[in-house]
Every structure is written in C-alpha cells, then in structure tokens.
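Line by line, the protein sequences give chains C and D. Oh and the first sequence: position 214 is 214 in the numbering used here, straight run, nothing missing. Convert by adding 221 to the 1-based position in the second sequence; the result is the number in the numbering used here. All remarks here apply to the structure that follows.
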Amino acid sequence: MSFKKSELKNSGRESLFLVALLFISLPCLSAQLQLTIIDDKGQPLKDAVAALVPVQKTDYTGVPTALIDQRQNMFVPGVLAIRVNTQVKFPNSDDVRHHVYSFSPAKRFELRLYHGMTAEPVLFDKPGTVVLGCNIHDSMVAYIYVLETEFFSITDDQGQLHLEVPAGKYQLQLHHPQMSGEYPESAITLDKAQVVNRTVTIDNLSAMKTTEPVDEFSNLF
Amino acid sequence: MPRFSYLLKLLAILIGLVVILETISYLATRLVINQAVTQNARAELLAGGELFTRIMQKNVEQLALSVKVLTEDFGFKDAVATNDEKTIASALINHSARVKADIGVLITSDGKLIASDQAFGRKIRDEFTSLKTQAQTRGQAYDIILIDSRAYQFVMFTVKAPVVIGLAGMGFEIKKDFSTDLQRLTGLEVSFVSHDGNQFHFLSGTQDDPLAKTLIEQLALEKKQGEVFVYDDLISLAVPAAQQNNHLLAVLQVPLSEVLAPFSRLNVQLFMLALVFAVLAGIAALFLARSVTRPVRLLADIARKIAGGFYTTPILVTSKDELGDLARAFISMQRAIGEREQQVLYQSEHDPLTGLPNRLRIFPELENAISRSRPLKEVVFLLVIDIKNFTQINDELSQEIGDAVLREVGQKIARILTYGEVLRLGSDEFLAILMAAEQESIAELAELIHAAFKAPLLVSGLQVSVEVNIGLATYPNDAESAESLLRRATLALNEGRSSERRTCWYQQGWDEKHLRRLHLFREFEVSLDAGHISLYYQPKINLERPDTLGAEALVRWRHPEMGFISPDEFISVIESSGQITILTRWVLKTAIVQLRQLLDEKIKITCSVNLSALDLLVDDLPAYVAELLQSHKVPAENLYLEITESAIMREADKCLHNLRRLRDLGVTLSIDDFGTGYSSLSQLKKLPVSELKIDKSFILNLDTSADDQLIVRSTIDLGHTLGLSVTAEGVESEAIKVLLKQYGCDTAQGYLYSKPLPAKDFIQWVHQYLGELPA
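See the structure below:
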C-alpha cells in the first residue's frame, strides 16, 4: 500500500523504476509496520517521515534519483525522503525563474536562476535534513530528509503509513517540518510475518508557517 | 459744588455703563474665543495625535523597510546560515551606517547576540525579550526600547533561509532632531517620556528643560492617556509612543498663547473700541450735563430773583423739550407771582372802603415827600383830618351810613386836594401830604376843606352834617423825620379837638410834653415798686381847738433820673392811663399803716386821702377800705377821703352810690378844691359829704383881694348852712388865718403850719407842735 502510495506520489519514469526494484526484493520481506502519527491534539499528522534504520550497518550501492518540481511558486512535494547518495532533480515547471538554495549543513548548494530542466541534479551524500528555499520567493520551502536506510515512508492525510521490511532490529526515526530538533530514535524489532500497529504522538510542533508573504509593516507599529 | 455733582453723576453713570458693557462684552468675547479656541486646540491636538500616530507608522515602516533590506540580503543570509560572526558584524556595521541606525544586532538561532557595536550590544539584555518573542512569532517586531536612559526605535526581523536562522534588528535613537521633525510635521510640541513604574522620565523632545520638568510634574498627577489636559496654558495630550509599549509616551502639546495669538489683536481692538466708547460717553455726558445744568442754573438764578421780589427777568426759551417747558412754566409763574404780589400789595396798602391808600402807605409816602422836598426847598405839610362827630353818626344812624360817610368824606378831601396824597389813617381819620413853599396856601386849603363840609352830605337819602378837625405839622419846621411829623400832626389834631379849634397847627414843645407823659406812664409802676413814690403829710389844724390834728396824705414822686415830678403832672397821666386806682390803693394802705403808727403813739389825728373820679367808679373800693381799716384796727372816723367836684360830675349816680357806701363805713368824705368846678348846689346837697375844702386859689391872696374875701366868706357860710365843716387850703400867713377864723372857717391847712413832710419828719413835727401848744 505504502509503495503504491509513494508510486502515486512519484510520477515519472524514474519512480516506476524504483517501484520495480522494490518489487524484486519483495519475497524476502516479511515484517510489516503500520504507523499512525498524530499531534498533541490527537489530529493526524500529514507529511511526517518515518524511517527504519537497520541496526546492522549496511552499505548501499547505486545512486537512485528523486525529483522535486517547482509549480506555482511551490516546491512539489514539500517533503521528500531519500536514501543517502540519491540524486535529486529540480525541474522548474513555472514560467518564472527560481533560485533554489540550501544553507543546510547536510547539503549546501545553490541553483541560480533557471528555467525548465536546465538545472543539474544534486547528489545528497550526507544524511540529515536539508531545507530548500528560493531566493526569489520567500514562501517557497521544501524539506528533504536524507536517510541512512531504504526503509522509509511518509504519512498520508490520515497520518498513516505502512512499511514492509525484512525482519530484524531497527532504529525508528521520525521527522516532520514542524518538529523543532530531532525526535528521539527508538529501537524496534520486527519479526517475520508480523504486522506491528503503532500510533505515535508528536508534540511540541511549531506552528504552521504561513505561506502568505509578510510585507505588512503597518502591523509593526 | 452742587452744580458739579450732576455732571459728575451723569459722567459716572454713562462711563460706568460703557465700561461695564464693554467689560462684559469683552469678557464674553474672550470667554467664547477661549472656549472655541481651546476646543479647536483640543480637536487640533486630537487630530495632531492621529497625525502623529500616522507619521510614526510611516516612520516605522520606513525603518522596517531599511532593516528588511538587510535581512533579505542573500549574502547576509549566507553569513548568518554559516554562522560567520565576523562577516555578520561587519554587515551590521555597514548596513547601520547606510540606513543611519544607531545600532544593528543579530541574534543567532541559538541565542547569541552579535552587534555592530559590541560594547553597546553587551548592554542589551532583557529589553529584547518581548521584541524577540514578537519577531519569532510574527517574523517582525517594532518597539521603543530604553537603553542607558536613551530611547531607541527598534525594528527586528527574522532572517530566513528559508526557515528562521536568526533575528536581525536595528535601533534608531530618538533624538531631539526626531522630535523637531515631528513638530514640523504636526505643528505640535512633542516630548517623549518614559514611565518606569514609579515615575516619569523625560527622554527627549522639543520642550526645553524648565518646561520639560513641569511636564513631568503634570504627568505625575495621573493624567490619562488619550485625554486632553491643560496646564500652564499648554493643551496637552499623551499618546503611546509605540503601540506595544505603555511605558513610553509621546506628549503632544499646543501652547494656548500660540493658539490665541491671532485673537490678541482682536483683544487690542476691543479695548480700543471700549476706550473710544468711554471717551464718547464722556463727551455725551458733558454735553448732556451742560445742556441740562446751564438752563437749570439760569432758571435757578431767576428763581432767586423772584425770591428777591424781582419779577421782570427776561427768560428766553428756545428749546422745546422738558427744560423749555420748565422755562415757560417759570415765565408764567414769574408773571403770576408778580401780578398777585401787585394785587396783594395794592390790597394791603389800600383801604377797601374808601379806595384810598391805607396806613401802610403813610411812611413810604411821607419819606417820598420828604426826600423830594429837600432839593426843591419846599415844606412838607401833613394834615390829619378827623370827623368830629363820627361816633355820634355811627351810633345814632347806622354803621352802613357811617361807612358811606367815610367814603364821601374821603372822596371829598381827595377832590379838594388837587395835588399831594390823601390816605386813610384809620377809623375816621384821614391824612393829606402836601408840598408847598408857603404856609398860607395850606391854611387856605384847610379852610376850603372846612367850607366843603358846610353843606350836609347826602347819604342814602339822609342829610348828614359833618364837621372835621384838622391837625397840621410841617417838615422840616416842626419835625425832622416822618415818624415825628405824623406824631406831631396827630398831637396838633388832639390839641385842636380838646381846645375846640377846627384847624390846629402844631406848636413847639407839644411833642416833648407828650413824650414825657408817655415816659411817666411807663415809669410809674416801676417807681412805685422801687419805692421812688412816697407819701408826705401836711397838717390840718382846727382853728377853734388847735390840739385837734388832721393830715392830708400827698403823693411825692422823686424819679432817680427825671427828678421831682409834680403830682399835677403825673396824676393826670396815670388818671388817663387808669393807673390811678393802683396808686389810690397804695396810698390808702400806706396812709392807714401810718395812721396806725401815729395812733399807737397816742397821737389823736385824722388822715385825708385823695380819691380820683376813677376810684369812685370801682365798686370794690368801699370793701377794700373796710378791710384795710379792720386789718389795721384803725377807726373809720380817723380816715378822710377827699374827692373833687369834677370827679362827681361824671356818672354821678355810680359815684354817689359808692360814696354812700364809704360814708356808711364811718369814713368822713370831703369835697376837695371846692370852687373850681361847676357843681350845682342841688348836687352838693345830695352828696354824703361832711367837709368842704376851699381851693387854695381863693385863699392865697385872701388878705388883699376883696373878691376872694367875699367868695370865701359866702362859701364858708354856705358850707355851714349845708351842715358841713369847712377847711381852707393854702394858708400861708397869720393874717389869712386870722381872717379865716373871723369868717368862722373850721380848719386851716397850709405852709403857715408846715409844708408837706415825709412821715418821719411829720411825726417829729406833730410832737413839736403838740409840745408847743399852751396847755
């Protein structure tokens, strides 16, 4: 399900490839994690990222690609989770130019004003959170979570996500743009043919950032 | 000055009125203006407050914009994101200088503060707390912050890349220039003050120190924000200097004097107007007062003249107002009073019966004549004319006829005297004042008057015979004044009347005699009281029996100034005045007291007292005599009462009655001065007298006059025939005494024995006489 969801979210040929890849390893996967994430008011939290990092360190080969489009002065999707060493493309679907940048320590880069597909894809080779902005349009924000695992998913409108992973021991990481700081990792062991249902509450969320431009100085006085 | 007071009053009232009205209108105007202006100023101030807020807003927007430029800068964001402190600091310095900020700060996401001026930055602590919170939640913040007692406008923004990576802020000190700019824009005085919870502090502003200090004091009196308050002519309004911060206030003020300035000229104009009105009122008062006081003064003068009897002052009336009315009233009053006085004067000076001037005119006319006669060297003749038989006419006919006669006589005299003045003196007396050079012409005129009354007057169909007496005196021959002239003419008339002369000219000395009589009359009672009148006694000797003594009491008046006054003179005066009865009583009393004394000394003597005719007409005389005799225990036979023949002639019956009553008392009655009157023998026979005294005029020359001898002898015989004793008076010689004794006269009295003596001397004489008598 979650796969299909991600498939739905990621359109294009590259995402289809990823789905095919996941499908190959499917017979050895047996453990399932069903997560519901809510905020402190009990409301389902959308766009929360959950990642299962295997306790046993594994090396990842291959450079997958991902994509964040720019449409109507917005990054789409606004939240993207990727495995370390993923190349992300930043096509511009608007008819205005954007100046995409990041001052995040995980990845500092700058894609000066461009149109269409002219920008080079950016390789995210360090784990961490990268906040993307546009120097022209202050309201444009996107979050890329660079993870040291292949097992991750993003909550839907109901705050739910589904993960199928090989049985084993994992560290559960949770991320969300409104979270201040890191959510504490928790160890989780998933057994074969077991479906774990869990509901996680994330509190101390910062207020939703308004997307309207704040030019009204008159409010100052 | 009473004349001045009206002007002053009027002046005071008019000017006072103007001053009061002007003051009221001035105050009212001022009040209205002040209210309007103050209200305006309040409104202006509130509007100014609005404007101030707007300007502040714009100012803040501008500041914000200038800070925003920094936070939007990609390079600055880069520096902040990479935490490049040196670059950040230099960027802050650079930008602060560019936007003329006094301080620029950056607060990193982990709370570190980087400032353009590190020393300054270290001072900032808690002041930022609210600013930071606000900036974090809203992305931007503005406040006024106090650092080291200086106020700073502070704008703070988040630095986003694109999430918040820090806060950048800039501070702009509120200096005097700022206030001055605000003042220029709002037209208000602007002061920034802070309140630290306890008290206010002045930060900066357009007001200088003394004013700033009073402002702080005024604010301390809990002035509310947003409300206009006024002190020291300053209309004030406190507004928050920043919306979020109620510790900082901006005080906006308008000096009332400034607002009122345009009206002060109006005040001056109003004052000038008031002055002009006051002066006009003064002039009006002066004019009014003069227009009233001048005619009033004129009328007052006229009234004074009228009071003084002058009725012909011309009064010119020109005005038609009330004063003109008054003047016209004065004219008619003056005329009416004049006419009435003339009438009254005429009536008072004229006799209504005859129409002739009356006695009030006598002296004016006389004086007039006298003064006119002098330069002409003429003589003034005064004729007093009276109707001889007027009383008779009045009594026998009627008073109406009497009045008619008076009228006729007056008119007749006036007709005859073609010149001069005829006046009525009173009752039946008329006066004529004539001037002439010669006495003869006047004598002729007098005769003419007498001639005019020869024919009887025809009155009411009756023929009435009238005779007149005329007394005449002249000026300056007979008199030297009008008064004496009148008196002397009247004396002449009286003299003529008594001497049966129908025209009698005044003779020298008459008036003096008359005056002396008047004087005596006045002096009599005074002298009687003062003891200047005394009794003298003259002995009366019985020729047959010389030891039988009598005395006649004689009155003597020795006046301290006039000397000895003869009894003949003063008796006639007091008889005519009626005072004789007083004298008689005094004499009776004194004589009886004296008699008592003599009787006490064992002297056998009688005393004679003279009675006047008037005494006999008083009915209570007999009772008085009886009481005197009784109270002094004097036998009635010792008292003789002497009466003259003429005394008994008048009202004979009454006299007889009283005489009888006296005789009935036992008193002896004598007839005195016998032979000088005209008593008839039949009358003599009726009298209850016992003694007859022959008048001394027959005795004095008895020894030489054969006629007297005849008369005396026959009188003595007559007396004896009637049963009376006879006494001779005025016996002065032994020869006469011998003759009298020869004729059979009973008693003698005269200087042969003694002159009248005062009581003391008389007693002495009696003793001597009795002692010398042969035993």
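Where a beta carbon is used, it is the ideal one built from N, C-alpha and C, also for glycine.
Notebook entry, point to check: Measuring CB to CB, does residue 335 of chain D end up less than 8 angstroms from residue 327 of chain D?
Noted result: yes
Note to self: For a contact defined as C-beta to C-beta under 9 angstroms, what are the partners of residue 290 of chain D on chain C?
What the structure shows: None at all; the shortest Cβ gap to chain C is about 12 angstroms.
Margin query: In the DSSP assignment, the alpha helix (DSSP H) including residue 503 of chain D goes from what residue to what residue?
Written below: Bounds of the alpha helix (DSSP H) holding residue 503 of chain D are 477-528.
Check: Under a three-way DSSP split, which group does residue 874 of chain D fall into?
Finding: helix
Note to self: Under 8 angstroms, with one C-beta from each stretch per pair, do the segment 351-362 of chain D and the segment 270-279 of chain D reach the 3-pair mark?
What the structure shows: The segment 351-362 of chain D, when compared against the segment 270-279 of chain D, does not touch it at the 8 angstroms Cβ threshold.
Notebook entry, point to check: When we look at the beta-carbon of residue 759 of chain D and count the other beta-carbons within 10 Å, is it buried (16 or more) or exposed?
Noted result: buried
Check: When the cut-off is 8 angstroms and only beta carbons count, does residue 179 of chain C lie next to chain D?
Finding: no
Checklist line | Beta-carbon proximity check, residue 830 of chain D vs residue 877 of chain D, cutoff 8 angstroms | finding: no
Notebook entry, point to check: Where do the ends of the alpha helix (DSSP H) carrying residue 747 of chain D lie?
Noted result: 731-751 is the extent of the alpha helix (DSSP H) around residue 747 of chain D.
Item checked: Contact set for residue 84 of chain C: own chain, Cβ-Cβ below 8 angstroms, skip 5 residues either direction -> 60, 124, 125, 126, 127, 146, 147 and 148
Next item on the list: Return the CA-CA distance between residue 765 of chain D and residue 969 of chain D, expressed in angstroms with no decimal places.
Entry: 10 angstroms
Checklist line | residue 985 of chain D versus residue 872 of chain D: straight-line alpha-carbon distance, rounded | finding: 42 angstroms
Next item on the list: Leaving out five residues on either side along the sequence, give the residues of the same chain with a beta carbon under 6 angstroms from the beta carbon of residue 122 of chain C.
Entry: 88 and 109
Check: Taking Cβ positions only, does residue 431 of chain D come closer than 8 angstroms to chain C?
Finding: no
Notebook entry, point to check: Does residue 74 of chain C come within less than 8 angstroms of chain D when only Cβ atoms are used?
Noted result: The beta carbon of residue 74 of chain C does not come within 8 angstroms of any beta carbon belonging to chain D, so the residue lies off that interface.
Checklist line | Within chain C, partners of residue 259 of chain D - CB distance below 8 angstroms | finding: Using a Cβ-Cβ cut-off of 8 angstroms, residue 259 of chain D is close to nothing in chain C; its nearest Cβ partner there is about 30 angstroms away.
Next item on the list: Reducing DSSP to helix, strand and coil, say where residue 386 of chain D ends up.
Entry: strand
Notebook entry, point to check: Whose Cβ in chain C lies nearer than 7 angstroms to the Cβ of residue 381 of chain D?
Noted result: 138
Notebook entry, point to check: How about residue 364 of chain D and residue 351 of chain D: are their beta carbons less than 8 angstroms apart?
Noted result: Against a cut-off of 8 angstroms, the Cβ pair of residue 351 of chain D and residue 364 of chain D comes out as a contact.
Note to self: Using only the alpha-carbon positions, how far apart do residue 906 of chain D and residue 916 of chain D sit?
What the structure shows: Inter-residue distance for residue 906 of chain D and residue 916 of chain D is about 19 angstroms (C-alpha atoms, whole angstroms).
Item checked: Closest by C-alpha distance to residue 773 of chain D, when choosing among D/754, D/815, D/517 and D/586 -> Checked all of D/754, D/815, D/517 and D/586; the closest Cα to residue 773 of chain D is D/815.
Check: In whole angstroms, what is the alpha-carbon distance linking residue 262 of chain D and residue 316 of chain D?
Finding: 42 angstroms
Margin query: Give me the chain D residues within the contact set of residue 103 of chain C, using Cβ-Cβ distance strictly less than 8 angstroms, ordered along the chain.
Written below: 298, 299, 302, 303, 382 and 386
Note to self: On the CB-based measure, 16 or more other CB atoms within 10 Å of its CB, does residue 25 of chain C come out buried or exposed?
What the structure shows: At residue 25 of chain C the pLDDT is 46, less than 50, meaning the model places this residue with poor confidence; the figure from the coordinates comes in the next sentence. Exposed is the call here.
Next item on the list: Taking residue 349 of chain D as part of the beta strand (DSSP E), name the residues at either end of that continuous run.
Entry: Looking at the DSSP string, residue 349 of chain D is not in any beta strand (DSSP E), and its letter there is neither H nor E.
Notebook entry, point to check: Do we get a CB-CB distance below 8 angstroms when we pair residue 128 of chain C with the residues of chain D?
Noted result: no
Next item on the list: Kindly confirm or deny that the segment 172-187 of chain C and the segment 99-114 of chain C touch, where touching means at least three C-beta pairs closer than 8 angstroms.
Entry: no
Next item on the list: Kindly indicate if chain D contains any beta-carbon less than 8 angstroms away from that of residue 146 of chain C.
Entry: no
Check: For the segment 368-385 of chain D against the segment 291-309 of chain D, are there 3 or more C-beta pairs whose distance is under 8 angstroms?
Finding: yes
Notebook entry, point to check: To the nearest angstrom, how far is it from the Cα of residue 369 of chain D to the Cα of residue 342 of chain D?
Noted result: Whole-angstrom Cα-Cα distance: 12 angstroms.
Check: How long is the line joining the alpha carbons of residue 722 of chain D and residue 690 of chain D, rounded to whole angstroms?
Finding: If I take the Cα positions, the gap works out to 7 angstroms.
Notebook entry, point to check: At which residues does the beta strand (DSSP E) containing residue 799 of chain D begin and terminate?
Noted result: Note, residue 799 of chain D: premise wrong, no beta strand (DSSP E); not H, not E.
Check: Where residue 73 of chain C and residue 475 of chain D are concerned, what is the direct C-alpha to C-alpha distance, given to the nearest angstrom?
Finding: 53 angstroms
Notebook entry, point to check: Sorted by chain position, which residues of the same chain lie with C-beta nearer than 8 angstroms to residue 56 of chain C's C-beta, five sequence neighbours on each side aside?
Noted result: 168 and 169
Check: In chain order, what residues of the same chain lie with their CB nearer than 6 angstroms to the CB of residue 222 of chain D, ignoring the 5 residues before and after it?
Finding: Note that residue 222 of chain D scores a pLDDT of 43, beneath 50, so its modelled location is shaky; the value from the coordinates is reported in the next line. Excluding its 5 nearest sequence neighbours in each direction, residue 222 of chain D has no C-beta neighbour in its own chain below 6 angstroms.
Note to self: Within the continuous alpha helix (DSSP H) that includes residue 316 of chain D, where are the two ends?
What the structure shows: Note, residue 316 of chain D: alpha helix (DSSP H), 306-320.
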